[in-house]
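Visitor:
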Amino acid sequence: MKNILVISYSQSGQLTEIVEKFSKPLQGNIDFVNYTSKKSFSFPWRSHEFFNTMPETVLEVNYEVEDIHYNCEKYDLIVLGYQPWFLSPSLPTTALLKNEKFKSLLKDTPVVTVIGSRNMWLNAQESVKKLIQDAGGKLVGNVPFIDKTNNLLSAVTILHWMLTGKKEKKWGVFPLPGVNQEDIDQAGKFGQLLNEDLTNNILENFQKRILLTGEVNINTSILFIEGRAKKLFLIWANAIVKKGTTEAKRRRWVKFFTYYLFIALFMVAPIVLTFYSILIRPFSSKGIKEKKTYFCGVELKK
Ligand SMILES: Cc1cc2nc3c(=O)[nH]c(=O)nc-3n(C[C@H](O)[C@H](O)[C@H](O)COP(=O)(O)O)c2cc1C
Numbered sequence: 000m001k002n003i004l005v006i007s008y009s010q011s012g013q014l015t016e017i018v019e020k021f022s023k024p025l026q027g028n029i030d031f032v033n034y035t036s037k038k039s040f041s042f043p044w045r046s047h048e049f050f051n052t053m054p055e056t057v058l059e060v061n062y063e064v065e066d067i068h069y070n071c072e073k074y075d076l077i078v079l080g081y082q083p084w085f086l087s088p089s090l091p092t093t094a095l096l097k098n099e100k101f102k103s104l105l106k107d108t109p110v111v112t113v114i115g116s117r118n119m120w121l122n123a124q125e126s127v128k129k130l131i132q133d134a135g136g137k138l139v140g141n142v143p144f145i146d147k148t149n150n151l152l153s154a155v156t157i158l159h160w161m162l163t164g165k166k167e168k169k170w171g172v173f174p175l176p177g178v179n180q181e182d183i184d185q186a187g188k189f190g191q192l193l194n195e196d197l198t199n200n201i202l203e204n205f206q207k208r209i210l211l212t213g214e215v216n217i218n219t220s221i222l223f224i225e226g227r228a229k230k231l232f233l234i235w236a237n238a239i240v241k242k243g244t245t246e247a248k249r250r251r252w253v254k255f256f257t258y259y260l261f262i263a264l265f266m267v268a269p270i271v272l273t274f275y276s277i278l279i280r281p282f283s284s285k286g287i288k289e290k291k292t293y294f295c296g297v298e299l300k301k
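Those letters in the sequence shown? Residues 0 to 301, by numbering that gives the first Met the number 0.
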């Protein structure tokens, strides 16, 4: 019998549902763990709190996890469910990946990441790859679940969901926020592949088989945005921490960042993306393909 740890944190329950459905076909002693960080994050979010979380998230501050009980000292496989926040691992995910006990479990252990995101998980996964590697773990697969709605629409709908706590159609006209229920319900088909590879001791094949399903795709516009936005978030994060020395100053700087984010997302990005699609994209298909292949893989750039 294989010992399997399935561990995740979720605010709304969406990621818990994804991870549970994904793990259903797994056979073995399964240890399901839902953990939290010592610093709690209210759901629904208050608007200021939501944006105020950006600097520490992007700077990957360790808020530490609440004590976790594990049934085993070592596992044959770890399934780590996580969600990106501001193009970085969510703060509870960072806390887990920096936790000494969890790091000792990661050492020499195959890991599969299951992501429940809006649609921007590339930069967060780079951080997660690095933290797993630093702990001596071996990433063998990544299965991202995304909201397939248009980027601008999903930005509106996720904010509605996060700030009201209601996974409903905003004003009755916007699409439903979050990962499509059908995709969540079918998560077990990836778990089935994982179970086969685990049983046959060929986990190193898992990511190839995931990619063969043709269901992990990276949108070129998202690739373009993620290629630039994380660097800008880092500049903002450092500026807010440096300048926000009092509560009032921090509030003011977070407000500047919020305005910036809305302008960048809803005004600048669509214009820049239009120029990019006409002038640059047709001539850079090889580079785009290479980047997509890299981000769909489990290796970390040297
Ligand atoms: C503060 C915050 C920032 C987020 N930033 C991103 C992001 O950068 N990229 C993304 O794809 N989703 C982002 N999301 C959506 C989450 O990844 C996730 O899909 C959503 O919060 C539901 O997760 P849950 O299972 O914890 O409720 C963000 C959510 C929150 C609360």
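We put the CB at the ideal spot given by N, CA and C, even for glycine.
Give a yes or no on whether the C-beta atoms belonging to S7 and V18 are separated by under 8 Å.
Guide: Here residue 7 corresponds to residue number 8 of the sequence shown, with the count starting at 1. Here residue 18 corresponds to residue number 19 of the sequence shown, with the count starting at 1. Yes, the Cβ-Cβ distance between S7 and V18 is below 8 Å.
Visitor: Please report how far the alpha carbon of C71 lies from the alpha carbon of G27, in whole angstroms.
Guide: As a first step, residue 71 must be located in the sequence shown, where it is residue number 72. As a first step, residue 27 must be located in the sequence shown, where it is residue number 28. Roughly 13 Å separates the two Cα atoms.
Visitor: Since L192 contacts I209 with CB under 8 Å, what's their CB separation in whole angstroms?
Guide: Position 193 of the sequence shown, counting from 1, holds the residue named residue 192. Position 210 of the sequence shown, counting from 1, holds the residue named residue 209. So it is a contact: roughly 7 Å between Cβ atoms.
Visitor: Starting from V78, trace the beta strand (DSSP E) in both directions and tell me its first and last residue.
Guide: Working through the sequence shown from its first residue, we reach residue 78 at position 79. Where V78 is concerned, the enclosing beta strand (DSSP E) stretches over 76-81.
Visitor: Does the Cβ of M119 have 16 or more other Cβ atoms within 10 Å, making it buried, or fewer, making it exposed?
Guide: Along the sequence shown, one-based indexing puts residue 119 at 120. Classification for M119: buried.
Visitor: Check I29 in the structure and name its three-state DSSP category.
Guide: The residue you call residue 29 lines up with position 30 of the sequence shown. Of the three classes helix, strand and coil, the one that applies to I29 here is strand, per DSSP.
Visitor: Can you tell me the Cβ-Cβ gap for V310 and V139, rounded? I've got them flagged as a contact below 8 Å.
Guide: For the chain, the structure presents residues 0 to 301; residue 310 sits outside this window and is missing.
Visitor: Should G177 and P24 be called a contact, given that it needs their Cβ atoms to be closer than 8 Å?
Guide: Along the sequence shown, read from residue 1 onward, the residue named residue 177 stands at position 178. Along the sequence shown, read from residue 1 onward, the residue named residue 24 stands at position 25. For G177 and P24, no; Cβs fall outside 8 Å.
Visitor: Under the DSSP definition of a beta bridge, which residues are partnered with N122?
Guide: Within the sequence shown, numbered from 1, the residue matching residue 122 stands at position 123. DSSP output for N122 lists no bridge partner at all.
Visitor: Given a cut-off of 8 Å, decide if G115 and L14 are closer than it, judged by their beta-carbon atoms.
Guide: On the sequence shown, position 15 is the one that residue 14 refers to. On the sequence shown, position 116 is the one that residue 115 refers to. Cβ distance < 8 Å, so L14 and G115 count as in contact.
Visitor: Apart from the five residues on each side of it in sequence, which residues of its chain come closer than 6 Å, Cβ to Cβ, to N98?
Guide: On the sequence shown, position 99 is the one that residue 98 refers to. These residues qualify, in order along the chain: V64.
Visitor: Unbroken alpha helix (DSSP H) runs of length 4 or more, entirely within the region 162-189: which are they?
Guide: Runs found: 180-184.
Visitor: Whose C-beta lies closer than 8 Å to the C-beta of D146 among residues of the same chain, with five residues either side of it excluded?
Guide: For this step, residue 146 is matched to residue 147 along the sequence shown. Only S116, R117, N118, S153, T156, I157, P176, G177, V178, N179 meet the Cβ criterion.
Visitor: Tell me which residues pass a beta-carbon proximity test against ligand 1: closer than 6 Å to any heavy atom, given in chain order.
Guide: Spelled out in chain order, the answer is S9, Q10, S11, Q13, L14, F49, T52, Q82, P83, W84, F85, L86, G115, S116, R117, N118, M119, W120, I157, M161.
Visitor: Could you spell out the range, first to last residue, of the alpha helix (DSSP H) harbouring F50?
Guide: Locating residue 50 in the sequence shown gives position 51, where the first residue counts as 1. Taken as a continuous stretch (DSSP letters only), the alpha helix (DSSP H) holding F50 covers 46-51.
Visitor: Could you tell me how far apart the beta carbons of V110 and G135 are, in whole angstroms, since I believe they sit closer than 8 Å?
Guide: Taking the sequence shown and counting its residues from 1, one reaches residue 110 at position 111. Taking the sequence shown and counting its residues from 1, one reaches residue 135 at position 136. That pair is no contact at about 11 Å.
Visitor: Compare the C-alpha of P83 against each of T56, F101, Y62, L96 and name the closest.
Guide: Here residue 83 corresponds to residue number 84 of the sequence shown, with the count starting at 1. The option with the nearest alpha carbon to P83 is T56.
Visitor: With distances taken Cα to Cα, identify the nearest neighbour of G296 among V172, L272, V215.
Guide: Walking along the sequence shown from the start, residue 296 turns up at place 297. Answer by Cα proximity: V215.
Visitor: Candidates E167, L4, S39, Y275: which alpha carbon is nearest I77's?
Guide: Position 78 of the sequence shown, counting from 1, holds the residue named residue 77. Among E167, L4, S39, Y275, the Cα nearest to that of I77 is on L4.
Visitor: Name the residue from I67, L95, L105, F50 whose alpha carbon lies nearest to the alpha carbon of D75.
Guide: One-based indexing of the sequence shown puts residue 75 at position 76. Checked all of I67, L95, L105, F50; the closest Cα to D75 is L105.
Visitor: In angstroms, rounded to a whole number, what distance separates the CA positions of L303 and L151?
Guide: Residue 303 lies beyond the range of the chain shown here (0 to 301); nothing can be said about it.
Visitor: Between K230, S87, A186, which has its C-alpha nearest K128's C-alpha?
Guide: Stepping through the sequence shown from its first residue, residue 128 is reached at position 129. Closest by alpha carbon: S87.
Visitor: Going along the chain, which residues of its own chain have a beta-carbon closer than 6 Å to the beta-carbon of A186, five neighbours each way excluded?
Guide: The residue you call residue 186 lines up with position 187 of the sequence shown. For A186, where only same-chain residues beyond five positions count, the Cβ hits under 6 Å are I17, K20, F21.
Visitor: What do you get for I131, buried or exposed, if any count of 16 or more other CB atoms within 10 angstroms of its CB means buried?
Guide: Residue 131 sits at position 132 when you count from the first residue of the sequence shown. Answer is buried; the Cβ neighbour count reaches 16.
Visitor: Which residue comes first and which comes last in the alpha helix (DSSP H) that contains S237?
Guide: For this step, residue 237 is matched to residue 238 along the sequence shown. At residue 237 the sequence reads Asn, which differs from the Ser that was named. That run of the alpha helix (DSSP H) goes 219-242.
Visitor: In its own chain, which residues sit with a C-beta less than 7 Å from the C-beta of F50, not counting the 5 before and 5 after it?
Guide: The count along the sequence shown starts at 1 and reaches residue 50 at position 51. Cβ within range, chain order: V253, F256, T257.
Visitor: Tell me which residues share the same chain as K159 and place their Cβ nearer than 6 Å to its Cβ, disregarding the 5 neighbours each side in the sequence.
Guide: In the sequence shown, the residue the question calls residue 159 occupies position 160. Residue identity check: residue 159 is His in the sequence provided, not Lys. Cβ neighbours of H159 beyond the five flanking positions: K169.
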